[in-house]
Amino acid sequence: MASQSPPDIPADADEQRALASDLATRADESPEQIDATDVETAVALIKAGRRREDFETAVNAAEVFQHVFEQPSLFDPVVDDLIALSDAYPPDVEGIPAPADWYASEELRTIVYIADGLRRAAQEDPKIVGLHTDALCDVVFSDENTPRHHTFTLGYAATVNPTGVPVSDLRTRLQLLRERGEGNGHPSFAEATLNALDDAGVGDADGSRSASSTKPETEEELLADLGELEDDPDRIAVESELLEEALEADSSPVRVKALELVATAAGPDTVEALPQNEVVDVLRDADDEAVVEAAVEATIALTNVHTSGEARRSKSAVTPSLAVRRLGFALTRLDLDDASFAIADGVAELSDATPDTVETLVNQYIDALDDADDVRYADSMPGAARALAMLATHLPEQVAMFDDEIAGHVKHESAEVRVNVVKTLGSVVRSNGTVSNAVFEALRTALDDDNDTVRRAARDAAPATLATEDEQTARGDATASESDPFANLRTVTPPAGDVALRTVNGSPTVVHSRIDDPESGRTYPAVELLDAGFPSERSADDASEWRLLTTLDSGDAREETRPRSSADASTEADSVVTDENAGERPGAETANTADADNDGEGTRSRVAHVPDVSTARPTEECTYAELTVGDRIGEGGFADVREAWLNDDTRLALKQPKLGETLPQSTFEQFAEEAGTWAKLDDDPHVVTMVGWGQTPRPWIAMEYLDGGDLRARLDSGNELDLAERLWIAAVLAETVANVHHLGVRHLDLKPANVLFERTRGDDWAVPKIGDWGVAKLQIDAEGGTEPLTPAYAAPEQFASGTLDHQTDIYQLGALCYELLTGRTPAEDGVDAANPETSRQVRPPSALQPVLPEGVDEALRSALAFEKRERYDRAVYLRDALRDAFHEVVEGTPDVRP
């Protein structure tokens, strides 16, 4: 029933706004302290805010219902009001809004918060809505565009009062929501509601009740039963009913355990007895990322059995085609974060077995960008766009076949879609080294986008281009107007024979030219055209029709994303030399060939300190028997590091658990898994190289020996580093973290002691490399029950037992860079990452070091944000800001604050 005596609320709009904000904060921090009066006050504030179109007040008051659903009795007196306040979306909203669109309108978010809060409360206690089926039916079966949350709420209401509810029609709507996969979580909500109707025995025809179903086992009972199967693997395949029940349970630990058992038991003789379809269904409805990741592993295991040809193919078989389709659907879910990497890995792993299905999947993603109405994707256009970008990082060649069609969506009305379209094109460009005209123009368009995130993505995607007709033309082109953000993709013609160019930048690289023919749409390696007699002189008009792009000779896909200034381009043009003039170390040689009379001498002398990282790195694999183990050179809480020699001439560092530690079998297994993760990073010049690993005579890791000490020692030595070098180190570390994140790897213990240095010859700066990727220490720490946490650099979520992910790394990196640039950690400056109040009071770095470029303050503020939603969501943004600061310092005197 509706409240009979609405509470008094302030008449002043500002006071109402403050009261609503206070209610939302209290509900978020202490939901158990919210009472019935608070709930009625929230309803009154929503009404008042909507009357005067003050949706800031309304949305804050509505947020209360997102936090108190575990106290369903609080909803009882206001159910009618809540239904009336959320009975339809605003007129300008078409279909089901994706989660990303909720924040575009506070009016829309108000409705979603109310409807979803009521759904959650009804799921907790259906009796609170049991007397409101008529009102819910009016909303659900109206012609209005209504929140689908009310469909689920009506389903829960029908479990206690089906009278008058058209259950058959309700089930049809729920099944459609489940199958079409619209909206954030709607498939899983629909599945849960249908299960509730089944469990309550509600009949389909006219609201009559059928025989009640048996009560499912509790979480503890299911885990105990599954534990018995784990101890007796031979029984797994014959306990399919238990596995099916566990896979449909509401408990994430139960579902994860069941999926792990399926993956373990999958084999030619057992696969037919396993619940295969139920496993792949989990990809669609699971809300917990750990469950989704376990479902991916189980799906791959089942599919591999069938692709081996050893198992009999049946109707229930999880074929590669079926697996890719289901994984492809799950990849569109915007509610998944780290699990998306596992899903994309799964699609890539199966792509060779069913390339046609992957091609169809890419086509469907592209179709969804045109019209999501008929596409069965979890989050419609934004979900399909993000899935396309994820898939492009894993399977760029398959996606590249559709690059022109994808490029056509660079002007999509949704900024979220545009960002992911540009990221997709970037992956294609980095893979191919060349682009078509359509992609070229799309990236040019994106660089002028009115959305900052789109522009950043375009700078990441744009390939670095070097071309010159002659020295004068190159210099003139390089010093062109700064207003052209696409100046690094110049449209000039190369002279005959000049197909290998060198340049000075942060990471010197040999590049080979390619030419894009706008008439045929084909892209040719420049050497082919030159050998065929391509003319060395053309008119300016002709030159503008040919675009010379480059592919990195080393295969390194790292790119410069900072917008080039005219000074950058001029220095770059001065530094271009041919192969005949280049020495063995292109970075050092070209730096020395720059014009010494130029006013940029100071800049060049400092840039010349940037070391060349193209020198050989130890990649020879080794066995433990080949190592000569020497003295201990370092130690941690549970591991020792010793000097070792390979073949008596290669010096290495050997890391092993300390003698005396008892190592359970799980440590050996986790050690192998983590070694495989480290091996993924072997190509990065700023990650300590792993040379070998093994498990006997006890777990060991051999890695390159770095003779330059660590960053902790450098900071404590009292020898102050040059500002340019400190900024360069910070930018390198940020780029390295961004690169490993791209591979799905998280460090989670970034701190100065884990940044090691390799000495260089001459005046070049030492090369920083990130080490200690958790191969030994974190595994043994976890076994011993000690959290791998360094308080001075730990992120807030590490203190609150929250989810640790790539943004945890970004916070740690921010804390590390803060100390590197100011000499103090945020903790030393009074910031407690575990306390949201002090965490928001981090002092700007410029207050401690006034010579820092202006952008550093904002960059580290964003990296050190307490709330993840306010923190950088990609390390490349921090990298870009630090790289800009480095160039500002080496190119001129930064603004000095008083």
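Going from the sequence shown to the numbering used here is simple: count from 1 and add 259.
We put the CB at the ideal spot given by N, CA and C, even for glycine.
If you're wondering where the values come from, they're calculated on a predicted model, not measured in any experiment.
Taking the Cα of R1138 as reference, the smallest distance to any Cα among V337, D375, A990 is reached at A990. For I387, there is no enclosing alpha helix (DSSP H), as DSSP marks it with neither H nor E. Of the residues assessed, E894 falls on the exposed side of the cut-off, its CB having fewer than 16 other CB atoms within 10 angstroms. L542 places its beta carbon less than 8 Å from that of L586. Spatial neighbours of E556 in its own chain (CB-CB distance under 6 Å, excluding positions within 5 residues in sequence) are listed in chain order as A522.
Burial state of V497 is exposed, judged by a 10 Å Cβ sphere holding fewer than 16 other Cβ atoms. In this structure, L506 is the residue among P527, L506, D547 with its C-alpha nearest to the C-alpha of V538. In the DSSP secondary-structure assignment, F1016 is bridged to P1027.
Here A716 is not near M649, since their CB atoms are 8 Å or more apart. The shortest C-alpha to C-alpha distance from R1128 to any of Q1066, E288, A524, Q1108 is the one to Q1066. At least 8 Å separates the beta-carbon of T410 from that of R437. Residue nearest to D662 within the set S673, K682, E672, E675 is K682 (criterion: CA-CA distance). Excluding the 5 residues flanking it on each side, V515 has same chain C-beta neighbours closer than 7 Å at A549, V550, A553, in chain order.
Taking A1122 as reference, the option from V424, Y1136, V617 with the minimal CA-CA separation is Y1136. In this structure, DSSP gives A989 a helical state, which the three-state scheme calls helix. In this structure, L533 keeps its C-beta atom at 8 Å or more from the C-beta atom of E489. Per DSSP, E1147 lies in no beta strand (DSSP E) segment; the continuous alpha helix (DSSP H) that holds it begins and ends at 1134–1150. Between Q275 and E312, the alpha-carbon positions lie close to 13 Å from each other. By alpha-carbon distance to A1074, the top candidate from R1130, L278, S1060 is R1130.
Under the three-state reduction of DSSP, A283 is assigned to helix. Closest by C-alpha distance to A598, out of Y964, R1005, V698, E1117, is R1005. Assignment of W959 by DSSP, reduced to helix, strand and coil, places it in the strand class. Secondary structure in the stretch 654–680: the alpha helix (DSSP H) runs of 4 residues or longer, each lying completely within the stretch, are 655–659, 662–666 in chain order.
If you check the CB distance, T369 and V323 do not come in under 8 Å. Taking each of L886, A508, R407, C396 in turn and checking the Cα distance to D540, the smallest one comes out for A508.
Distance from the CA of D384 to the CA of P331, rounded to the nearest whole angstrom, comes to 6 Å.
Counting C-beta pairs with one atom in each stretch, the stretch 699–712 and the stretch 672–689 have three or more that are closer than 8 Å, which means they touch. Straight-line spacing of the CA atoms in F600 and R430 works out to 34 Å.
Between A1051 and Y1070, the C-beta gap is not smaller than 8 Å, which leaves the two residues out of contact.
Collapsing the DSSP output to three states places V513 in a helix. Residue pairing by DSSP puts G953 in a beta bridge opposite W959. Exclusion of the five residues before and after G968 leaves L1015, F1016 as the residues of its chain whose Cβ lies within less than 8 Å of its Cβ. The C-alpha of L628 lies about 32 Å from the C-alpha of L561.
Distances from the CA of Q1108 to each of L1079, D346, G953 were compared; the closest alpha carbon is that of L1079. With a cut-off of 8 Å on Cβ pairs, the stretch 979–986 is not in contact with the stretch 896–907, counting fewer than three such pairs. Burial of D1031 is indicated by the presence of at least 16 other C-beta atoms within 10 angstroms of its C-beta.
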